[in-house]
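Heads up, the thing below is written out as structure tokens.
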Amino acid sequence: MFFNSPWRFLSHFSLRHLSPSLFRFSNYFSSRSEVPLIKDITNPSIHLSAGNSASLGFSRSLKMCNNVRDLNPLKCLLIVLGLIKNELLLGEFISSSFRLGAPDIALSVFRTIDKPSLFLGNLIFRGLSNRGLYDELLNVYIGCRFAGCPSDDFTFPFVIKACSALGAFGVGKAIHGFALRTGFDRNVVIQTALIDLYGKRGHTATARAIVDEIPQPDLVSWNALIAGYSLNGLDQEALEVLRHIFEAGLKPNLSTLASIIPVCTRLGCVSIGKSLHGYAVRLGYFLNEFLAPALISMYAGYVELSTSRKLFDSLLEKKNVNVWNAMIWAYVYGCWPFKAFEMFQQMLQAGVQPNPITFVSILPSCELHNSIFYGESLHAFVVKHGVENQLSVQTALVSVYSKLGDVSAAEFLFDGMHCRILLSWNAMLSGYSQNGQWHSCWAIFCEMLFAGCNPDAISIVSVLSACSKMEAVLPGESVHAFSVRRGIDLDLNVSNALLAFYSACHEISSCFMLFQQMTSKDVVSWNTLISGCIHSGEPERVLPLLHQMQNDVMKMDLVTLITILPTCGGSDNLKQGMVMHCYAIKTGYASDVSLANALISMYCKCGDLDSGRSLFEVMPERSVVSWNALITGFRYNNQPNKTMLFFSQMIKEDEKPDSVTLLNILPVCHTQSQGKSMHAFAVRAGILRDTPLFTSLMVMYARFQNMKSCIVLFEVGKKEGVSLWNAFISLLVQMENAEKAVATFRDLLQMGLKRDSITYLSLIAACVQLNDLNLADSVLAHVIREGFEKDLAVSNAFVNLYARCGSILKAERMFECLLSKDAVSWSVMINSYGLHGDCEAALELFSQMQISGVRPNGITFLSLLSACSHAGLVDQGRVVFNSMEKHGISPSLEHYACIVDLLGRTGHLNEAYETVKRLPCNPSVSLLESLLGACRNYGNIELGEKVAYMLFDMDSENPVPYVMLHNIYAAAGRWIDADNIRSYLEGRQLKKPPGFSLVSRNGQDI
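Numbering that gives the first Met the number 0 numbers the first residue of the sequence shown as 0 and each following residue consecutively.
Set out below in structure tokens:
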């Protein structure tokens, strides 16, 4: 239908579509004689003459309007009747629009004005601010500024509040500058709004400066500053402001308490928090639903869940969602996931609709319960209540799925997020790191940087953890540089993560450098550095660190003690271990089971088995680790019988052994049946899957020459890794089955598994037994192709191999080609010369070794003494033996055996006997038999008798010394003494095992 006049349209519209209130408005016009009926209003002049009456009628109609749908017709009347120019009437219409919840109508009317007045602008700003429509508020304000509309001290607070809510800090600073230029910056309300803006943005110093400019700050200004401090974690500063409030004679209100109580919670100020609670009760705020959540959270932070629950239950009226959220969070914080779920169910039954904060609060309870089912159920609730697109809820779900191990679900949610905040990236980073997906963690960190999101300390800690596990030095150093450039490296958690990274990568010098540069250190920093020294093979640096730690007044904690105690091994370190034990008792850590286990291990390693056993017996609570510590200690000190006794006691006390227990028991099994019973137990307990246990069982069977069982274990074991192959090849070499060892190595090559240096060392040992120079050359070629010739241990083994295969020239060439030589390299080559009877070359090489600066060890002197013995060079042998003390090496029984053998071979029998008498320990049977053989060769009957009687005292059932003494008597013609020895042997039925010879033909022994 087409109307040729707006008045006709209005008449038609009012008759058919207007609500009763507008009909009353129409009747009002009709009842006035000076005002025409709506249907006759076709002449604009009539309307103009009746303007005052129309304004009055319109105003009355607005006051009677209680329905949003009446606003659009009224808006039409406002425009058609020309009342749009009436500022007061227009203000009434805008106020009514906001009152009825139609801000869009108010905005549409306001935008029809070319240049709004200050009054109308402030009216629209207040309405939008009260409705929380901050985006529209800023847009309208910017439009008014371009239109040249003025601003006053009533305008700025609303606009600054919008900037604060939206995080539009740049616009807020510009408005601050405009307020400074126009002189409105001295208004307390504007200053308070600016304090809130700068505080929320983190510019607390600027906020404080604004407060200081106010001659007499009111409570609202101080509350804004407290809120800013609290939001930025400046809790001590917030408490200081509270003190200023009391000193100024102001009384804290509800807003003050709601901001300061969370501060007390974080600081652990129990007394202040409870005092503020009492103050709130006195002011009548006790049952306030705005303050109750803060109080509930406070008591939960003090682990007083019963008080939190009493406070929750005291709210007799209907509780709002914030109160329920606080109680749910309290149970989650107190590690009561089932209580949190129960509270969530009660909340739903009470008819309270959850909000995003509800789900963010309860979702971590799934991690505590370690239940993916609960996580998925809550996810379904999230979808049901339509908050699945809320960024905070999405982030919490990503965190829950990743921490529960369902990384694929976390990835799906993360990829579907339209907007990602720092928390979202951190949740994914942490998820990858905790689930061992180190490369994915690094990749998502790089993606985060490309997306323009600035990492924080949590991001850096997660990615450094991944770099540590990967031992990726270059990426980790890049992250370190990034954190320095952004200033994040000053964060203590980041510094500790960097220490852990360099420690994991064995960059101990970088650890110390970083540690010295740290401005603040906690006990975690010290523990990380101490642990790094131990794992990097530098335990000697631990003791100076402990002294430095004490000088810095840093107390050791439980982790420090457990980390240090394993370094206290050997009788020399027993006193240090006892000091640690005393410290643990003094600080109350001695009752901890983990520390007690470490102390038992320490005492046993130091040889004080009685103290270790006593500590074990007084333990109120024992774990399988406790038993393992004691059993390992006694096995370590060669106490096989007591080791088996403790194992039996462990079984009687119903403590289930684990793989570590069996690894300690198998080497002390006296019989194969004992070993088989351990094998059966491992099968029955389902712990035979571990490769080390397979290896230990194979070693046990090999000890009893049961090669068949070794092969069976090897066949059923996990051959995906090289460890089991290495163990099997090594056992074959030990059992002198070199051909089978080489054949097994061929099978390993066919499997395509990656070999390591241990594989080649075992193969080289097999080649030594075979004494095949061609095979040695083939193995060397293979090692070079695989790149293992750079491994010093492998190269040293080849020097020994060629020497034992008879090619001293190849051994020399191999030795000369070594890029670096350690004490083992020199010792092997010296021994090679000794094997070939070239003692002079061995002594010359020893001189070169000293010139090169490499310190000789006990093996070096053993090789030299053996070379001198084979060559019969007595003087040189004496010089070498006597020079051991000068090099800081105490002679062992093997060194004494070599010098005694040398002296005996060359006829210096009395000197050899005196050397035996000076031994710091009991001589071995082989040493005395060697000296007794020398006495027989040189016909020294008197000394031979002394040595023989020494052997009789050591083992009266050994027939060898009797036979040797008989031969000495027979060679000297003392047949009566010889017959007496023979009669004694026959009477005791002692027989020397007969010798036998083997001839190998085509690999068959005949």
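Note that the Cβ used here is the ideal one computed from N, Cα and C, for glycine as well.
Here the structure is a predicted model, which means the values were calculated and not measured.
If you measure between the beta carbons of residue i and residue j, is that distance less than 9 angstroms?
i, j, result
"leucine 557", "aspartate 591", "yes"
"arginine 754", "glutamate 785", "yes"
"histidine 438", "methionine 416", "no"
"cysteine 804", "leucine 844", "no"
"leucine 902", "alanine 896", "no"
"glycine 475", "leucine 463", "yes"
"glycine 374", "valine 392", "no"
"leucine 403", "serine 370", "yes"
"phenylalanine 380", "serine 364", "no"
"leucine 573", "glycine 611", "no"
"phenylalanine 615", "alanine 628", "yes"
"valine 899", "leucine 861", "no"
"alanine 866", "cysteine 838", "yes"
"methionine 813", "tyrosine 801", "yes"
"alanine 178", "phenylalanine 155", "yes"
Looking at residue i and the ligand SAH, is the gap between the Cβ and the nearest heavy atom below 8 angstroms?
i, result
"lysine 945", "Because no ligand of any kind appears in the structure shown, any question about the ligand SAH cannot be addressed here."
From residue i to residue j, what distance separates their C-alpha atoms?
i, j, result
"histidine 196", "glycine 171", "What sits at residue 196 in the sequence shown is leucine, not histidine. Taking the straight line joining both Cα atoms gives about 7 angstroms."
"arginine 180", "isoleucine 174", "10 angstroms"
"glycine 182", "leucine 491", "44 angstroms"
"glutamate 366", "tyrosine 332", "12 angstroms"
"alanine 1006", "leucine 498", "Because the chain here runs from 0 to 1005, residue 1006 falls outside it and cannot be looked at."
"aspartate 152", "alanine 161", "15 angstroms"
"proline 890", "asparagine 636", "22 angstroms"
"phenylalanine 727", "leucine 760", "13 angstroms"
"glutamate 387", "isoleucine 327", "20 angstroms"
"valine 541", "isoleucine 563", "8 angstroms"
"glutamine 673", "leucine 731", "23 angstroms"
"phenylalanine 559", "asparagine 321", "Inspection of the sequence shows that residue 559 is occupied by threonine rather than by phenylalanine. Looking at the two C-alpha atoms, the distance is approximately 42 angstroms."
"glutamine 433", "isoleucine 443", "14 angstroms"
"alanine 247", "aspartate 217", "9 angstroms"
"proline 639", "proline 691", "20 angstroms"
"valine 823", "leucine 598", "35 angstroms"
"asparagine 42", "serine 96", "Because asparagine 42 sits at a pLDDT of 38, beneath the cut-off of 50, its placement in the model cannot be relied upon, and the point is left open."
"serine 29", "valine 108", "In this prediction, serine 29 has a pLDDT of 40, which is less than 50 and means its spatial position is unreliable; nothing more can be read from the coordinates."
"isoleucine 940", "phenylalanine 880", "28 angstroms"
Tell me the residue span of the alpha helix (DSSP H) that contains residue i.
i, result
"valine 483", "472 to 485"
"arginine 207", "203 to 212"
"histidine 534", "522 to 534"
"arginine 904", "892 to 904"
"valine 827", "822 to 834"
"isoleucine 189", "187 to 200"
"glycine 169", "168 to 181"
"glutamine 344", "336 to 348"
"tyrosine 284", "It is not in any alpha helix (DSSP H) - tyrosine 284 carries neither H nor E in the DSSP assignment."
"isoleucine 1007", "Here the chain has residues from 0 to 1005 only, and residue 1007 is not among them."
"serine 461", "456 to 469"
"serine 721", "This sequence places valine at residue 721; serine is not what is there. It spans 721 to 733 - the alpha helix (DSSP H) in which valine 721 sits, taken as one unbroken run."
"cysteine 440", "437 to 449"
"glutamate 308", "The residue you asked about is not glutamate; residue 308 is arginine in the sequence shown. Taken as a continuous stretch (DSSP letters only), the alpha helix (DSSP H) holding arginine 308 covers 304 to 313."
"lysine 383", "371 to 383"
Go ahead and label residue i buried or exposed: buried means 16 or more other beta carbons lie within 10 angstroms of its beta carbon, across all protein chains shown.
i, result
"alanine 293", "buried"
"serine 983", "One detail in the question is off: residue 983 reads as tyrosine in this sequence, not serine. The residue in question, tyrosine 983, is exposed, as its Cβ has fewer than 16 Cβ neighbours within 10 Å."
"phenylalanine 124", "buried"
"tyrosine 948", "exposed"
"glycine 986", "exposed"
"tryptophan 441", "buried"
"leucine 224", "buried"
"asparagine 526", "buried"
"glutamine 352", "exposed"
"histidine 886", "exposed"
"aspartate 234", "buried"
Hey, is residue i's beta-carbon within less than 9 angstroms of any beta-carbon in chain C?
i, result
"alanine 977", "This model lacks chain C altogether; it includes just one protein chain."
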